[in-house]
Amino acid sequence: MKRLASKLLATSLAALMLLGLTACQKEVQPPYVSRLPQELEPYALAWQLDAPELAGRRGEIHYYFMAGEGMVINAASDYPEKWGDATLVVFPNGETMLIDAAMGAYAPVLVENLRRLGVEKLDYLFISHPHDDHSYGALVEGGVLDSFEVGTAYHSGLVNAAWSKYSLPEIFAGRGIPAQELKAGDVLTIGGVELKVFSPEDCTGGVTAKGSTNINNLSLVVRFTYGEHTALFTGDIYVERERELVLQYGRELDVDLLKMPHHGTEVSNSRDFAKVTSPEIAVAMGRRMVQKENYYYYAAEGARVLMDEHDGYIHISSDGKTMAYETSRQRLIDTPLKQQYAALDKWAGLE
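Reminder that position 155 of the sequence shown reads as 220 in my numbering, one-by-one numbering, no gaps.
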């Protein structure tokens with residue numbers, strides 16, 4: 066059952082830090098000292114709090130969707146600011162899970178962000194699929210694995226044939242990190258939250274795949290259920306895989322919160338998928354523009370579409386009944402496409 070989201074939109078980063086968090090979130094003590102180089106400081110999370118303590122004290126599940134905030138990751142790329150996916154999930158018992166870890170160049174920012182959120186160790190690391198924009202931030206020197214103790218790693222067992230340097234099973238084994246390969250039908254329970262895996266069918270045992278399409282379509286897809294609250298994380302599945310899942314699972318995919326497939330791009334996010342998932346909030350990460358048509362598909366189902374491209378860092382929480390969200394900056398309507406987004410929100414009654 067859907068619940069109306071309460072909006073906690075910050076008008077500015079300064080206002081958010083001074084006002085938006087003081088009532089409900091605990092600042093890190095003693096006064097926090099950043100470890101980031103000065104040139105990377107503008108891209109880091111402005112929020113400073115003890116996220117595990119907050120979630121445990123309030124008995125809530127919290128999602129912190131990271132952002133690139135305009136950071137140039139690869140100047141020679143067609144998408145120089147594409148930084149990837151990374152989400153910190155904090156469970157109602159205070160345990161932490163990092164879902165994906167972004168590009169290698171983003172690793173210093175990601176590590177700093179986790180520290181600003183009060184993370185001292187990661188109870189779980191979840192890698193949706195072996196692509197650089199979802200895992201290198203964990204694997205590179207100075208990245209997540211070098212910076213935090215990891216309790217358990219989850220992955221599908223899929224091996225990217227193009228990677229000569231990285232193999233997730235070998236890396237986790239080499240570091241002594243207990244790892245579990247997941248496949249469709251697997252169910253986990255963490256902190257009172259059920260995690261049900263819908264995809265892939267089975268890549269356990271080190272199945273090797275070639276090509277971006279094949280690897281993306283073998284992403285782990287998992288639904289989180291906490292009380293009446295549900296969230297779906299989809300990796301980078303494409304339209305064809307979306308359709309297969311819709312036919313196989315139908316309304317089991319109906320959720321309150323959706324991490325939009327493949328950064329919200331047009332190769333994914335079909336009308337059918339938007340209709341079946343019918344999220345209250347849909348989030349796109351990776352600093353890739355959500356196409357107007359994709360935006361419309363979700364808005365037509367009553368979804369608030371949030372994206373790091375326009376909203377910065379995104380924080381969503383649920384007590385198992387209702388859902389609340391806040392963003393690190395206010396969306397500005399200063400381009401024709403953004404104006405079209407605003408018109409679609411108005412049309413859908415989401416203003």
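For every residue, glycine included, the Cβ atom is placed at its ideal position computed from N, Cα and C.
Residue(s) in a DSSP beta bridge with residue i
i: Phe130; result: Thr152, Ile379
i: Lys340; result: Lys340 is not bridged to any residue.
i: Val224; result: Thr273
i: Thr217; result: Tyr189
i: Leu163; result: Leu153, Leu190
i: Met372; result: Ala349
i: Leu323; result: Leu297, Ala347
Length of the line joining the Cα atoms of residue i and residue j
i: Ser284; j: Gly329; result: 15 Å
i: Thr335; j: Tyr97; result: Thr is not the amino acid found at residue 335; the sequence shown has Ser there. Each residue's alpha carbon lies about 43 Å from the other.
i: Pro157; j: Gly256; result: 6 Å
i: Ala413; j: Pro102; result: 43 Å
i: Ser193; j: Thr392; result: 24 Å
i: Leu371; j: Ala226; result: 34 Å
i: Pro234; j: Gly222; result: 7 Å
i: Pro145; j: Ala218; result: 29 Å
i: Asn139; j: Lys147; result: 8 Å
i: Leu312; j: Tyr360; result: 22 Å
i: Asp188; j: Asp410; result: 38 Å
i: Gly315; j: Ile280; result: 23 Å
i: Leu204; j: Leu210; result: 6 Å
i: Cys268; j: Pro401; result: 43 Å
i: Leu105; j: Ala170; result: 11 Å
i: Gly276; j: Glu309; result: 20 Å
i: Pro173; j: Gln395; result: 25 Å
i: Tyr363; j: Thr295; result: 17 Å
i: Ala132; j: Gly270; result: 33 Å
i: Leu153; j: Ser343; result: 23 Å
i: Leu86; j: Thr273; result: Interpretation of Leu86 is limited by its pLDDT of 38, a score under 50 that renders its predicted location unreliable; no figure is taken from the coordinates.
i: Phe237; j: Asp165; result: 15 Å
i: Ala407; j: Arg369; result: 11 Å
i: Glu293; j: Lys248; result: 24 Å
i: Ser142; j: His380; result: 29 Å
i: Asp321; j: Val184; result: 26 Å
i: Gly44; j: Glu331; result: No answer is possible for residue 44: it lies beyond the span of the chain, which begins at 66 and ends at 416.
i: Gly250; j: Val155; result: 23 Å
i: Arg180; j: Tyr390; result: 21 Å
i: Gln405; j: Ser99; result: 38 Å
i: Asp337; j: Ile302; result: 14 Å
i: Gln113; j: Glu246; result: 33 Å
i: Lys403; j: Leu415; result: 15 Å
i: His220; j: Met388; result: 28 Å
i: Leu384; j: Ala111; result: According to the sequence displayed, residue 384 carries Asp and not Leu. About 24 Å.
i: Pro107; j: Glu134; result: 8 Å
i: His127; j: Glu266; result: 28 Å
i: Ser212; j: Lys186; result: 9 Å
i: Lys91; j: Leu253; result: Since pLDDT at Lys91 reaches only 48, below the 50 mark, its modelled position is unreliable, and no value is offered.
i: Tyr129; j: Ile398; result: 24 Å
Assumed close pair residue i, residue j - CB separation to whole angstroms, cut-off 8 Å
i: Gly149; j: Met136; result: Rounded, the Cβ-Cβ distance is 11 Å, inconsistent with contact.
i: Ala109; j: Asn178; result: 6 Å
i: Glu317; j: Asn282; result: That pair is no contact at about 19 Å.
i: Ser382; j: Glu125; result: 5 Å
i: Ser333; j: Glu366; result: Their Cβ separation, rounded to whole angstroms, is 16 Å, which puts Ser333 and Glu366 out of contact at 8 Å.
i: Val224; j: Leu190; result: Actually they do not touch by this definition, with Cβ atoms about 17 Å apart.
i: Leu422; j: Lys324; result: What the structure shows of the chain is the stretch from 66 to 416, and residue 422 is not part of that stretch, so it cannot be assessed.
i: Val176; j: Gly208; result: 7 Å
Exercise. What residue ranges within the segment 226-305 form continuous beta strand (DSSP E) runs of no fewer than 3 residues, ordered along the chain?
Worked result: 244-246, 252-255, 258-264, 286-291, 294-298
Problem set entry | Length-filtered (4 minimum) alpha helix (DSSP H) runs lying within the segment 387-414 | 401-412
For this session: Report yes or no: do the segment 256-268 and the segment 229-236 share at least 3 C-beta pairs separated by less than 8 Å?
Result: no
Problem set entry | Contact the segment 286-303 vs the segment 353-364: 3+ CB pairs below 8 Å | no
Exercise. Within the chosen definition, does the segment 156-172 reach the segment 120-133 through at least 3 CB pairs nearer than 8 Å?
Worked result: yes
Exercise. So, do the segment 242-257 and the segment 196-206 have three or more beta carbon pairs nearer to each other than 8 Å?
Worked result: no
Problem set entry | Three CB pairs or more closer than 8 Å across the segment 340-348 and the segment 364-383 | yes
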